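Q:
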Amino acid sequence: MEAKAAVRFTLGKQSSMAPERHDATAAVETDGVERPMDPEVRLMYSANEGDLDGIRELLDSGVNVNFKDSDGRTALHVAACNGLTDVVSLLLDRGSELDPSDRWGSTPLADAIYYKKHDAIKLLEKRGAKPLMAPMHVRHAREVPEYEMDPKEIDFTNSVEISKGTFHLALWRGIQVAVKRLEEELINDEEKVKSFTDELALLQKIRHPNVVQFLGAVTQSSPMMIVTEYLPKGDLRAYLKKKGALTPTTAVRFALDIARGMNYLHENKPPIIHRDLEPSNILRDDSGHLKVADFGVSKLMTVKEDRPLTCQDTSCRYIAPEVYRNEEYDTKVDVFSFALILQEPKWHFHHLRSKWWVRDCRFQSCRMCELYYQPTEKGCIQSADLFCSLDRNYCVSRMIEGCPPFSAKQENEVPKVYAAKERPPFNSPVKHYAHGLKELIEQCWSEKPAKRPTFRQVITRLESIHNSLAHKRRWKVRPLRCFQNLEAMLKKDHSKGRSRSRSSRSTAESI
Numbered sequence: 001m002e003a004k005a006a007v008r009f010t011l012g013k014q015s016s017m018a019p020e021r022h023d024a025t026a027a028v029e030t031d032g033v034e035r036p037m038d039p040e041v042r043l044m045y046s047a048n049e050g051d052l053d054g055i056r057e058l059l060d061s062g063v064n065v066n067f068k069d070s071d072g073r074t075a076l077h078v079a080a081c082n083g084l085t086d087v088v089s090l091l092l093d094r095g096s097e098l099d100p101s102d103r104w105g106s107t108p109l110a111d112a113i114y115y116k117k118h119d120a121i122k123l124l125e126k127r128g129a130k131p132l133m134a135p136m137h138v139r140h141a142r143e144v145p146e147y148e149m150d151p152k153e154i155d156f157t158n159s160v161e162i163s164k165g166t167f168h169l170a171l172w173r174g175i176q177v178a179v180k181r182l183e184e185e186l187i188n189d190e191e192k193v194k195s196f197t198d199e200l201a202l203l204q205k206i207r208h209p210n211v212v213q214f215l216g217a218v219t220q221s222s223p224m225m226i227v228t229e230y231l232p233k234g235d236l237r238a239y240l241k242k243k244g245a246l247t248p249t250t251a252v253r254f255a256l257d258i259a260r261g262m263n264y265l266h267e268n269k270p271p272i273i274h275r276d277l278e279p280s281n282i283l284r285d286d287s288g289h290l291k292v293a294d295f296g297v298s299k300l301m302t303v304k305e306d307r308p309l310t311c312q313d314t315s316c317r318y319i320a321p322e323v324y325r326n327e328e329y330d331t332k333v334d335v336f337s338f339a340l341i342l343q344e345p346k347w348h349f350h351h352l353r354s355k356w357w358v359r360d361c362r363f364q365s366c367r368m369c370e371l372y373y374q375p376t377e378k379g380c381i382q383s384a385d386l387f388c389s390l391d392r393n394y395c396v397s398r399m400i401e402g403c404p405p406f407s408a409k410q411e412n413e414v415p416k417v418y419a420a421k422e423r424p425p426f427n428s429p430v431k432h433y434a435h436g437l438k439e440l441i442e443q444c445w446s447e448k449p450a451k452r453p454t455f456r457q458v459i460t461r462l463e464s465i466h467n468s469l470a471h472k473r474r475w476k477v478r479p480l481r482c483f484q485n486l487e488a489m490l491k492k493d494h495s496k497g498r499s500r501s502r503s504s505r506s507t508a509e510s511i
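All residue numbers for the sequence shown refer to the UniProt record's numbering, where the first residue is 1 and numbers rise by one.
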C-alpha cells in the first residue's frame with residue numbers, strides 16, 4: 001500500500017514563528033504528484049474560509065480534528081491566525097487540542113497574539129490557553145542578552161510591595177533587590193509590553209550615582225521582570241512626611257542629588273526624558289543621598305510618541321503645561337517638575353535658649369503665626385523671626401511650603417491651573433528662600449520652556465547656594481565658640497580671684 005505523501009498547507013497566514021511568513025496563494029505543497037485533496041487538508045481549507053457547515057460535515061465523517069500538516073499545524077492554528085472565533089470555538093468543542101505546537105514551537109494562542117486577533121486571544125485564554133513564552137524570547141542561546149537572569153534565583157518568599165504596586169521586594173543571590181514584574185495576564189497587552197521593553201532598553205544605558213542601578217532582567221520566560229537595586233530607606237515623599245522638616249543645607253543637598261541624576265539623563269545621547277519626576281520616584285540610599293528611579297514612562301527624546309501622556313501614566317500634580325496641552329516638548333518638562341519638588345520640602349532652623357520666652361503666646365492671632373508656626377501650651381519665643389517651639393532650646397521655622405503643589409485641589413485639576421499660568425504660592429517670607437532659591441524655582445517653572453535653565457545650569461546655581469549656606473553657618477558657629485571660650489575664661493579668672501581672696505584672709509587671721 002502506497003504511503004500517504006506529506007502535505008503542507010500554505011493558504012493564508014502562516015506560523016508566527018516561521019522564518020518566512022506570507023499570505024500564500026498556493027493551496028497545498030506536496031511531492032509533485034497530483035492526488036485528490038485529502039479530507040484532513042479540506043478541514044484546514046474550511047477552517048481558513050470560516051466554513052462552519054463544511055467543518056461539521058468533515059468531523060462527523062470521522063476526520064481527525066487534530067490533524068497536522070507537514071509543518072505540524074492544525075485547523076485550530078489556521079482559525080486562530082485569521083481571528084475566526086466561531087471556528088475556534090467549534091474546533092475546541094469538537095475536541096481540538098488547546099495548545100498544539102507546530103514545527104517552530106508556535107501555538108494557536110501565539111499565532112493569534114502575533115497577528116493581533118484580540119477576540120481570538122480572549123477566547124483561547126478563556127478556554128485555558130497559556131502564553132507560550134515571553135514576547136522578548138529569542139531562538140538561539142547566543143542571542144540571550146547579557147543581563148538575563150535565571151528566574152529560579154529570584155526568591156519572592158517574603159515579598160512585599162514597595163512602590164506603587166509595581167515593584168516588589170525579593171532576594172537574588174542573597175541580596176535584597178527590587179523587582180518589577182509584567183504578570184502573565186498582561187503579556188498580551190501591547191501597551192504594557194511596550195512600556196516594559198522601553199523601560200528595560202533605557203535602564204541598560206544608565207550608570208550614575210544619582211540614578212537607581214539596573215541589575216538585570218528576565219525576558220526569556222513569563223512573567224518578565226526588571227531587577228534593580230533595593231533602597232530600604234524609601235522614597236522622598238515618605239521621608240518628607242515622616243521627617244516633617246529639612247534644614248536648608250539638607251534641602252539644597254537633596255536638590256543637587258536630583259539635579260545631578262537628571263542632568264546625566266538629559267546629557268545622554270540621545271537625551272532621556274523622565275516625564276514622571278515627583279517625590280515618590282526619588283529614592284534614598286544608605287548614605288542619605290537621593291537617586292532618580294522609575295522609568296516606566298520615560299522616553300528617548302528622538303522617539304516619537306504613539307499617544308499623548310495622560311494622568312493615568314504620570315502624576316498630574318507635577319506635569320508641565322505643554323505636556324497637558326499635548327504640545328511638542330523636550331527635556332524642560334523635567335525641569336518644571338523639579339521646581340515643584342524643590343519648593344515642597346519643609347525647612348527648619350535651630351536656635352539656642354532665648355531670653356524672650358513667654359508662657360502665653362501673644363502671637364497666636366498673628367497671620368504668620370497661624371500659617372507657619374504651631375503655638376503650644378508652653379508658648380512661643382518672641383524674636384524677630386517669630387519662632388515657635390515645643391521647648392525652650394529647639395525652635396522650628398517652616399520656611400519652604402511643606403506640602404504638594406496646590407494640595408487643596410484634585411490632582412486632575414492641577415494641570416489646568418498650570419496651563420492658566422498659575423503657580424504654587426510662596427507663602428513664606430522672601431528672606432526665607434536662601435540666596436536666590438526663589439528666583440531659581442521661578443525660572444525652572446517658567447511658562448516658556450526655553451526660559452527654563454538646563455540641569456547643568458541648575459547644578460551651578462545650587463552649588464553656589466550651598467556654598468553660601470555653608471559660609472553663613474561657619475560665621476554663626478565661630479562667634480558662638482568665641483563667646484563660649486570667653487565665658488570659660490571669665491569663670492576661670494573669677495575662680496582664681498576667689499581663691500586668692502580666701503588665701504589672703506587665711507594669712508591675715510594667722511598673723
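Idealized CB from N, CA, C, for every residue including glycine. Model, not experiment: these values are computed from the prediction.
At which residue ranges does the stretch 146–178 contain complete beta strand (DSSP E) runs of 3 or more residues, listed in the order of the chain?
A: The stretch 146–178 contains these whole beta strand (DSSP E) runs: 161–163, 167–172.
Q: So the beta strand (DSSP E) residue 325 belongs to, where does it begin and stop?
A: On the sequence shown, residue 325 is found 325 positions in, with the first residue counted as 1. Careful: residue 325 lies outside any beta strand (DSSP E) and carries neither H nor E.
Q: Report the rounded CA-to-CA distance for residue 7 versus residue 327, giving the unit in angstroms.
A: Sequence index remark: in the sequence shown, residue 7 carries index 7 (1-based). Sequence index remark: in the sequence shown, residue 327 carries index 327 (1-based). Taking the straight line from one Cα to the other gives about 56 Å.
Q: Given a cut-off of 9 Å, decide if residue 227 and residue 179 are closer than it, judged by their beta-carbon atoms.
A: Here the question's residue 179 lines up with position 179 in the sequence shown. Here the question's residue 227 lines up with position 227 in the sequence shown. Yes, the pair counts as a contact, with Cβ atoms nearer than the cut-off.
Q: Tell me whether the stretch 144–153 and the stretch 50–59 touch, counting them as touching only if at least three CB pairs, one residue from each stretch, are closer than 8 Å.
A: In short, these stretches do not touch, since the Cβ pair count stays below three.
Q: Okay, do the stretch 116–123 and the stretch 78–87 touch, 3+ Cβ pairs below 8 Å being the bar?
A: Contact between the stretch 116–123 and the stretch 78–87 is present, because at least three Cβ pairs lie under 8 Å.
Q: Measure the C-alpha to C-alpha separation of residue 512 and residue 43 and round it to an integer number of angstroms.
A: Since the first residue of the chain shown is 1 and the last is 511, residue 512 is not available in this structure.
Q: So, residue 291 versus residue 272, is the Cβ gap smaller than 9 Å?
A: Position 291 of the sequence shown, counting from 1, holds the residue named residue 291. Position 272 of the sequence shown, counting from 1, holds the residue named residue 272. Going by C-beta atoms, residue 291 is not nearer than 9 Å to residue 272.
Q: Alpha helix (DSSP H) containing residue 333: first to last residue?
A: If you number the sequence shown from 1, residue 333 lands on position 333. First-last of the alpha helix (DSSP H) with residue 333: 332–343.
Q: Cβ atoms of residue 284 and residue 231: under 9 Å apart, would you say?
A: Here residue 231 corresponds to residue number 231 of the sequence shown, with the count starting at 1. Here residue 284 corresponds to residue number 284 of the sequence shown, with the count starting at 1. Against a cut-off of 9 Å, the Cβ pair of residue 284 and residue 231 comes out as a contact.
Q: Based on DSSP bridge pairs, tell me the residues matched to residue 273.
A: Counting from one through the sequence shown, the residue named residue 273 turns up at place 273. Per DSSP, 299.
Q: Looking at C-beta atoms only, is the number of pairs between the stretch 160–177 and the stretch 190–206 that lie closer than 8 Å three or more?
A: Short answer: they don't touch.
Q: I need the DSSP call for residue 217, collapsed to helix, strand or coil.
A: As a first step, residue 217 is located in the sequence shown; it is residue number 217 there, counting from the start. It is a strand residue.
Q: Could you name the residues that DSSP lists as bridge partners for residue 44?
A: Taking the sequence shown and counting its residues from 1, the one referred to as residue 44 is at position 44. In the DSSP output, where bridge partners are listed per residue, residue 44 has none listed.
Q: Looking at residue 63 and residue 95, is the spacing between their C-beta atoms short of 9 Å?
A: Translated into the one-based positions of the sequence shown, residue 95 becomes position 95. Translated into the one-based positions of the sequence shown, residue 63 becomes position 63. No, Cβ-Cβ distance for residue 95 and residue 63 is not below 9 Å.
Q: What do you reckon, are the CB atoms on residue 330 and residue 289 nearer than 9 Å?
A: As a first step, residue 330 must be located in the sequence shown, where it is residue number 330. As a first step, residue 289 must be located in the sequence shown, where it is residue number 289. Contact: no.
Q: Whose C-beta lies closer than 6 Å to the C-beta of residue 274 among residues of the same chain, with five residues either side of it excluded?
A: Locating residue 274 in the sequence shown gives position 274, counting from the first residue. Once the five neighbours on either side are set aside, the close Cβ partners of residue 274 are 298, 334.
Q: Which residue from 246, 469, 277, 15 puts its Cα closest to that of residue 101?
A: For the purposes of this step, residue 101 is taken as the residue at position 101 of the sequence shown. If we check each option's Cα against that of residue 101, 15 comes out closest.
Q: Measuring straight from C-alpha to C-alpha, what distance separates residue 124 and residue 153?
A: Here residue 124 refers to the residue found at position 124 when the sequence shown is read from its first residue. Here residue 153 refers to the residue found at position 153 when the sequence shown is read from its first residue. Near 31 Å, if we compare the C-alpha coordinates of residue 153 and residue 124.
Q: For residue 239, I'd like the list of residues in its chain whose CB is within less than 8 Å of its CB, leaving aside the five on either flank, ordered along the chain.
A: If you number the sequence shown from 1, residue 239 lands on position 239. These residues qualify, in order along the chain: 233, 284.
Q: Grouping DSSP H, G and I as helix and E and B as strand, with all else coil, what is residue 117?
A: Residue numbering aside, residue 117 sits at position 117 when the sequence shown is read from its first letter. In this structure, residue 117 counts as coil in the three-state DSSP scheme.
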